[in-house]
Amino acid sequence: MQEPAQPPLQTLSDAATYLEGLINRERSPDFAYARLDLQPIEALLEELGRPQDGLSIIHVAGSKGKGSTCLFAESVLRALGERVGTFTSPHLESWVERFRIDGEPVAEATLVAAVERVRPIVDALRAGPPQTVPSFFDATTAIALILFSEAAVDRALVEVGLGGRLDSTNVVDPAVTCITSIELEHTDKLGPTEADIAWEKAGILKHGRPVIVGELRPRAQAVVAARAVEVGAPLRLRGDAFDVHARSSPDQPNAFEFEAREGAVFTAPFTLRAPGAVAAGNAAIAIASIRALGIHGDDALREAARKGLSECELPARIEVLAADPEVIVDAAHTAESARALASVLEDLSPGGFDLLLSVSSDKNLDALLDALLPATRRVWVTCAEPQRSLASDVLAERLHERAPALATRIVENPEEAARRARAELSPGVRLCATGSIYLAGVARRVLGQGTPPVDFEPIA
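This note's numbering puts the first residue of the sequence shown at 122, with every later residue one more than the last.
This is the structure we're talking about:
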C-alpha cells in the first residue's frame, strides 16, 4: 500500500521540525570522522539537478576566521555591485542565519520552499543504504546551493563545516579556494598535528583554481603548498603574494592596508568596525580572493574594499552588545582565537574584565584558560549546550586547579548566568561572554539585540 502523502511544510517551525530529525554531527562531538562520506550529498545534489554547477563559488576553509572571511568578502562583493549568496555555519541563534542573499536572511517562504524541495529526496535516501543517508549538514548545504542557484547570484561564498576533504561542501567546483588558518582543533577527527589538519583542509584545493592562504606555521604551510603543487592549484600565500599592515592612528584606530605583490603592486586601505589584527588578516584574505577572480579592476576593488569593510558587521567577533555596562561577546573557542581576544580585552580593560564562560568538551581547555585567565577578575561558569559543553562543575574545577584565588560562580542555566553576570558587574568593568559559539548565541539573545530563535534542537 502506498504511503500517504505528507502535508507540505508551511512555516519555519515546520521546516525546523523536519530538519531536526536528521543526523546532526555539529551537536554530536563523538561521531566517527573516518566514516564521513560525500556519497549522501552527491546523491542528493544529483537528484536536485546539480544546482552547484552553475555557481561561481569562493570556498573557504580554516580552523578559525572562515566565517569572518566570508562576511568580509560578501560586503566587498556587494560594494562591487554583485548579487551574493553566503552559506555559513554553525549558527548563533537560529538556523536561518546560515543562508544569506545580498547580506540579508532568506525570506521565510523561500527558505521553507527549499526545505520542502529537498525533503522527498532526503526521505528516499534515508530509506536506502546507510552510506547514502543525508545528514543535517548535507541537507542544509543542498538547500543553500538551491537558493543561490534559483536567486541567480553572481557569486556564492561557501564556508566549510569541518575539515575540508570529507566536508559536505567539498562537492563544489570553486572559482577560488581559501584556507584562513590552521591550529590544533578537532584533533580527535582531523589528526593530532597541524600538518594532519592542514592535509584535511587542503582537500578542498582544485586543479587550476587559485588558493588564498592566510598566515600559517611552517609545517602546515608546507603541507598546503605541497597539495597545491600536486593538484595544480596556483598558490597565493600571505607574506608572499599578499599581506596586510596596520595603519592605525588616534583618529582611525582600526585602520589597515592590503598589499598585493604579484605583478604591479596593488594597495587598498581599509578600516574595520572592531579592533584586532586577526580580523584584518581575514579581511586581507577576502580581498585577495576577490582579486584572484580576475573580474574587477583594481580601482573598483580598492574603493569596494574601503566601503565594504568599513560597513561589515561580524556577529560574535569582539561584538559590543551593550554600552552601559559594556558587554562584549566573542565566539573564541580555540587557543589562538582566545589569545587574540585576550589581547584586545587587555587593551580595552587594563584593570581586568569578568568572563561568562562555557567551553565545548572537545576543545583544548588548558590553552583557552592560559590565554584568558591572566587579566580575568571573575568568571561566571555555565553550560551553554548540554550535548557539547563541559559540565559546569567540571569547568569550575579546572578553573580552580589553574587559578585557585580566582572568584568563580556557577550558574547552570546560561540565560540566567548571562543576566547575573551583567547585573553584578563592578563599575568600570567589562563583561565578555566567550568560549563557545553556543554561549555567544545565548549572550546575543539575552544581553543584546538578538532575535528569538526558531525552536530547533537537532538530535544526535
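We treat Cβ as the ideally placed atom computed from N, Cα and C, and that holds for glycine. Please read these numbers as outputs of a predicted model, since none were measured by experiment.
Original post:
At a cut of 8 Å, does the stretch 194-207 reach the stretch 251-261 through at least three beta carbon pairs?
Top reply: no
Original post:
Name the DSSP beta bridge partners of V332, please?
Top reply: T298, L356
Original post:
Would D420 be called buried (16 or more neighbouring beta carbons within 10 Å of its own) or exposed?
Top reply: exposed
Original post:
Under three-state DSSP, which class holds C553?
Top reply: strand
**OP:** Check whether the Cβ atoms of I439 and A395 sit closer than 8 Å, and answer yes or no.
**Re:** yes
Subject >> Beta-carbon contacts of F577 that lie in its chain and below 8 Å, excluding the five residues immediately before and after >> reply: Unreliable placement is indicated for F577, whose pLDDT of 29 sits below 50; no coordinate value is reported for it.
Original post:
Do the stretch 412-427 and the stretch 528-540 make contact, defined as three or more Cβ pairs closer than 8 Å?
Top reply: no
**OP:** Within its chain, find whatever has a CB closer than 7 Å to the CB of R286; leave out the 5 residues flanking it on each side and keep chain order.
**Re:** E321, G324
**OP:** Identify every residue that forms a DSSP beta bridge with V500.
**Re:** L476, T529
**OP:** May I ask you to report which of helix, strand or coil DSSP gives L201?
**Re:** coil
**OP:** Sort F269, R330, I318 by Cα distance to A296 and report the nearest one.
**Re:** R330
Original post:
Is I144 helix, strand or coil by DSSP?
Top reply: coil
Subject >> Distance between A539 and L486 (C-alpha atoms, nearest Å) >> reply: 21 Å
**OP:** Please report the residue range of the alpha helix (DSSP H) in which E380 lies.
**Re:** Not the alpha helix (DSSP H): E380 falls in the beta strand (DSSP E), residues 376-381.
Subject >> Three-state secondary structure (DSSP) of S210 >> reply: coil
**OP:** Verify the CB distance criterion: does S464 have a CB-CB separation below 8 Å to chain D?
**Re:** Going by chain labels, chain D is absent from the structure shown, which holds only one protein chain.
**OP:** Could you have a look at R276 and say whether DSSP puts it in helix, strand or coil?
**Re:** strand
**OP:** Measure how close the beta-carbons of L552 and R543 come, nearest whole angstrom, since I'm counting them as under 8 Å.
**Re:** 6 Å
**OP:** For D514, collect the residues of the same chain with a Cβ closer than 8 Å to its Cβ; drop the 5 residues on either side in sequence, then sort them by chain order.
**Re:** I531
Subject >> Cα-Cα separation, P579 to Q508 >> reply: Only weak support is given to the placement of P579: the predicted model assigns it a pLDDT of 30, under 50, and the question is left unresolved by the model.
Original post:
Apart from the five residues on each side of it in sequence, which residues of its chain come closer than 7 Å, Cβ to Cβ, to P129?
Top reply: E237
Original post:
Ends of the alpha helix (DSSP H) at T308?
Top reply: 308-311
Original post:
Between which two residues does the beta strand (DSSP E) carrying P390 extend?
Top reply: 387-392
Original post:
Assuming S479 and P535 make a contact with CB atoms under 8 Å, what is their CB distance in whole Å?
Top reply: 7 Å
Original post:
A376 and P355 look like a contact to me (Cβ under 8 Å); what is the Cβ gap, rounded to whole Å?
Top reply: Actually they do not touch by this definition, with Cβ atoms about 30 Å apart.
Original post:
CA-CA distance, K484 and H454?
Top reply: 7 Å
Subject >> Distance, E167 Cα to R460 Cα >> reply: 43 Å
Subject >> Whole-angstrom C-beta distance between V344 and A118, which should lie under 8 Å >> reply: Outside the displayed range of the chain (122 to 581) lies residue 118, so it cannot be described from this structure.
Original post:
For P226, which three-state DSSP category applies?
Top reply: strand
Original post:
With C-beta atoms as the reference, is T392 less than 8 Å away from F379?
Top reply: no
Original post:
Helix or strand or just coil, what does DSSP make of V254?
Top reply: coil
Subject >> Assigned exposure category for M122 - 16 Cβ within 10 Å defines buried >> reply: Model confidence at M122 stands at a pLDDT of 36, short of 50, so the residue's coordinates are unreliable and nothing is read from them.
Subject >> Residue(s) in a DSSP beta bridge with V217 >> reply: The partner list for V217 (beta bridge, DSSP) is empty, contrary to what the question assumes.
Original post:
Since H366 is in the beta strand (DSSP E), which residue starts that stretch and which ends it?
Top reply: 363-367
Original post:
With distances taken between CB atoms, is the gap from L494 to G556 smaller than 8 Å?
Top reply: no
Original post:
If we call anything under 8 Å between Cβ atoms a contact, is L276 one with S410?
Top reply: With the sequence shown as reference, residue 276 is identified as Arg, and Leu is not the correct amino acid for it. No; because the gap between Cβ atoms is not below 8 Å, this pair is not in contact.
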